[in-house]
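Those letters in the sequence shown? Residues 1391 to 1784, per the working numbering, in order. Note that CB positions come from ideal geometry on N, CA and C, so glycine has one too. Keep in mind it's a predicted model, so treat the numbers as computed, not measured.
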Amino acid sequence: MTTIDLPLLPLGKGRDLSAERGVECPGDLPAASDPDLVARARAAKAALGERVFVLGHHYQRDEVIEFADVTGDSFKLARDAAGRPDAEFIVFCGVHFMAESADILTADSQKVILPDLAAGCSMADMARLGQVEDAWDAMAAAGIQGSIVPVTYMNSSADIKAFCGRNGGVVCTSSNADVALEWAFEQKADLEGGAKILFFPDQHLGRNTAVLKMGFSLDDCVVWDPRQPNGGLSVEELRDARMILWKGHCSVHGRFTADVIDELRAKHEGINILVHPECTHEVVLKADLVGSTEFIIKTIEAAEPGTSWAIGTELNLVKRLADAHPDKNIVFLDRNVCYCSTMNRIDLPHFVWAMESLVAGQVVNQITVDDDTERDALVALQRMLDLPGKSHRD
Ligand code: SF4
1391 MTTIDLPLLP LGKGRDLSAE RGVECPGDLP AASDPDLVAR ARAAKAALGE RVFVLGHHYQ
1451 RDEVIEFADV TGDSFKLARD AAGRPDAEFI VFCGVHFMAE SADILTADSQ KVILPDLAAG
1511 CSMADMARLG QVEDAWDAMA AAGIQGSIVP VTYMNSSADI KAFCGRNGGV VCTSSNADVA
1571 LEWAFEQKAD LEGGAKILFF PDQHLGRNTA VLKMGFSLDD CVVWDPRQPN GGLSVEELRD
1631 ARMILWKGHC SVHGRFTADV IDELRAKHEG INILVHPECT HEVVLKADLV GSTEFIIKTI
1691 EAAEPGTSWA IGTELNLVKR LADAHPDKNI VFLDRNVCYC STMNRIDLPH FVWAMESLVA
1751 GQVVNQITVD DDTERDALVA LQRMLDLPGK SHRD
């Protein structure tokens, strides 16, 4: 059976909380030009006090980050939320899948709020459950399903994490993807030809990890395109592959190109190229250092004054790093402005609206994951937490 899926829409109509695609936000928002927005946000936060805990992802705007109680990557923030069981409301300034993870990891009594429902993630939306189930059926028909361990990146919807939980798989972050893959291969190591991994939604993280950290070749990897019959792959290609990479990518990190690296190296002698592993394989091959957002932040913090850096990750974070380290020369690894458009949908008017609604006793834009999905997603998340070594940051 083939699931008919709509093309990726950045902004749809109505409420579709099971999708990462954006939906219109209900409610009357304050005008973006309102000069009192900062004072209103402060007043609402003060009125809520300990009842509210505000999380700010590294890629959020400065105007929003200013009100975050903690900042971090998606998994750290979900764990931070779990560490505040006394907070009645968790206001998640990030994107939809992150708020879902926070809801999974927090108590049922806590309410997770996403200030703008249009803040989805285009990468997470590239692997939808119906598509993944179709692929799974096709892999059964090809006779390889029994040798596959599914691995999903943290940047996926709750129902994809639940799929992994139900099918012997695991969640990973960009920090522990190699450890998660090692674990996954071990699960079926006794099979003739070894295990295969179905990795989603980010083909680049999957490929970069398999080839650069685990010693696989590019020929060991194939790309499953959910919009093609049988993923665009022959049965032989599927049988020969060790890594079946879902055709998904990050619309921000996928923009960086190898030619800009050449240009910057020619212009700035000694410049260091620091990129996220969601970048393409060509970009990662040309970089000096590759790692998660936390790794990027720590690398810049530890860098010597006077050193030069070109950073390939979301622009809000790069600008904040440049502002925080005026003694280092920090530039953005793209010729054009490159914010995450969905992350940027969380702005001060939406934040003020969500907070003032809470003060008025009205919970808006609550993100909830149903019990069955939560149970299965937790299985896959727990397998990640049980992995040896490494931190679990993305
Ligand atoms: S930066 Fe990429 S992965 Fe992160 S929310 Fe935006 S589109 Fe999704």
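Considering only C-alpha positions, which residue in the set the options is nearest to residue i?
i: Val1673; options: Asp1724, His1658, Leu1628 and Glu1626; result: Asp1724
i: Gly1439; options: Asp1766, Met1774, Leu1771 and Val1749; result: Val1749
i: Val1612; options: Thr1732, Asn1726 and Ser1624; result: Ser1624
i: Met1529; options: Thr1670, Thr1732, Asp1476 and Asp1630; result: Asp1630
i: Pro1475; options: Gly1462, Lys1676, Lys1501 and Asp1649; result: Lys1501
i: Phe1487; options: Arg1597, Gly1473, Gln1756 and Met1774; result: Gln1756
i: Ala1770; options: Cys1554, Glu1478, Asp1761 and Lys1637; result: Cys1554
i: Ala1567; options: Ala1585, Ala1431, His1594 and Ser1547; result: His1594
i: Phe1590; options: Gly1510, Met1633 and Leu1419; result: Met1633
i: Phe1646; options: Leu1777, Glu1523 and Ile1663; result: Ile1663
i: Ala1429; options: Leu1775, Phe1741, Cys1562 and Asp1776; result: Phe1741
i: Leu1419; options: Met1745, Arg1518 and Val1569; result: Met1745
i: Phe1606; options: Lys1578, Leu1495 and Glu1572; result: Glu1572
i: Glu1627; options: Ala1532, Asp1463, Gln1577 and Ser1546; result: Ala1532
i: Cys1786; options: Leu1654, Ala1692, Ala1656 and His1639; result: Any property of residue 1786 remains undetermined from this structure, which presents the chain solely from 1391 to 1784.
i: Gly1584; options: Ser1537, Asp1761, Ala1433 and Gly1510; result: Ser1537
i: Trp1636; options: Phe1685, Ala1552, Glu1523 and Ile1661; result: Glu1523
i: Cys1562; options: Asp1592, Ala1509, Glu1582 and Ile1534; result: Asp1592
i: Thr1763; options: Ile1534, Ala1552, Ser1491 and Leu1427; result: Ala1552
i: Leu1608; options: Ala1600, Ser1499 and Asp1760; result: Ala1600
i: Ser1564; options: Ile1534, Glu1576 and Gly1596; result: Gly1596
i: Ala1434; options: Ser1747, Leu1581 and Val1642; result: Ser1747
Using the beta-carbon count (16 or more within 10 Å), is residue i buried or exposed?
i: Asp1493; result: buried
i: Gln1751; result: For the record, residue 1751 in the displayed sequence is Gly; it is not Gln. Exposed, since its Cβ has fewer than 16 Cβ neighbours within 10 Å.
i: Gly1696; result: exposed
i: Ala1767; result: buried
i: Pro1505; result: buried
i: Ala1436; result: exposed
i: Gln1521; result: buried
i: Leu1775; result: exposed
i: Val1727; result: exposed
i: Asp1518; result: According to the sequence provided, residue 1518 is Arg. The question's Asp does not apply to it. So Arg1518 counts as buried.
i: Ala1497; result: exposed
i: Gln1772; result: exposed
i: Pro1425; result: exposed
i: Ser1546; result: buried
i: Arg1617; result: exposed
i: Ala1714; result: exposed
i: Gly1559; result: buried
i: Pro1397; result: Confidence in Pro1397 is poor, its pLDDT being 40 and thus under 50, which makes the residue's placement too unreliable to answer from.
Please look up how many angstroms separate the CB atoms of residue i and residue j, rounded, as I've assumed it's under 8 Å.
i: Ile1720; j: Ile1690; result: 7 Å
i: His1658; j: Ser1698; result: 5 Å
i: Glu1456; j: Asp1737; result: Wrong, their Cβ atoms sit about 12 Å apart, outside the cutoff.
i: Tyr1449; j: Leu1707; result: 6 Å
i: Phe1465; j: Met1544; result: 5 Å
i: Ala1656; j: Lys1676; result: With 8 Å as the limit, Ala1656 and Lys1676 do not qualify as a contact, their Cβ atoms being about 13 Å apart.
i: Ala1514; j: Leu1495; result: With 8 Å as the limit, Ala1514 and Leu1495 do not qualify as a contact, their Cβ atoms being about 17 Å apart.
Compute every distance between the C-beta of residue i and the non-hydrogen atoms of the ligand SF4, then say whether any falls below 7 Å.
i: Val1642; result: yes
i: Met1544; result: no
i: Thr1689; result: no
i: Met1733; result: yes
i: Ser1512; result: yes
i: Val1541; result: no
i: Glu1704; result: yes
i: Cys1562; result: no
i: Val1485; result: yes
i: Cys1669; result: no
i: Cys1730; result: yes
Less than 8 Å separating the beta-carbons of residue i and residue j?
i: Val1754; j: Ile1503; result: yes
i: Ile1587; j: Val1650; result: no
i: Val1444; j: Val1485; result: no
i: Ala1570; j: Leu1777; result: yes
i: Val1446; j: Ala1431; result: Checking the sequence shown, residue 1446 turns out to be Gly, not Val. Cβ distance not < 8 Å, so Gly1446 and Ala1431 don't count as in contact.
i: Asp1463; j: Thr1683; result: yes
i: Ala1579; j: Val1541; result: no
i: Ser1718; j: Ala1693; result: In the sequence on display, residue 1718 carries Lys and not Ser. It is a contact, given that the beta carbons lie within the stated cut-off.
i: Ala1525; j: Gly1621; result: yes
i: Cys1483; j: Thr1732; result: no
i: Tyr1799; j: Leu1705; result: Since the first and last residues shown for the chain are 1391 and 1784, residue 1799 lies out of range.
i: Leu1478; j: Arg1451; result: The residue you asked about is not Leu; residue 1478 is Glu in the sequence shown. No, these two residues do not count as a Cβ contact at 8 Å.
i: Ala1507; j: Pro1739; result: Looking at the sequence itself, residue 1507 is Leu, so the reference to Ala does not match. Cβ distance not < 8 Å, so Leu1507 and Pro1739 don't count as in contact.
i: Phe1333; j: Ile1701; result: Because the chain spans 1391 through 1784 in this model, residue 1333 falls outside it and cannot be assessed.
i: Ala1489; j: Arg1735; result: no
i: His1671; j: Asn1598; result: yes
i: Ser1499; j: Ala1468; result: no
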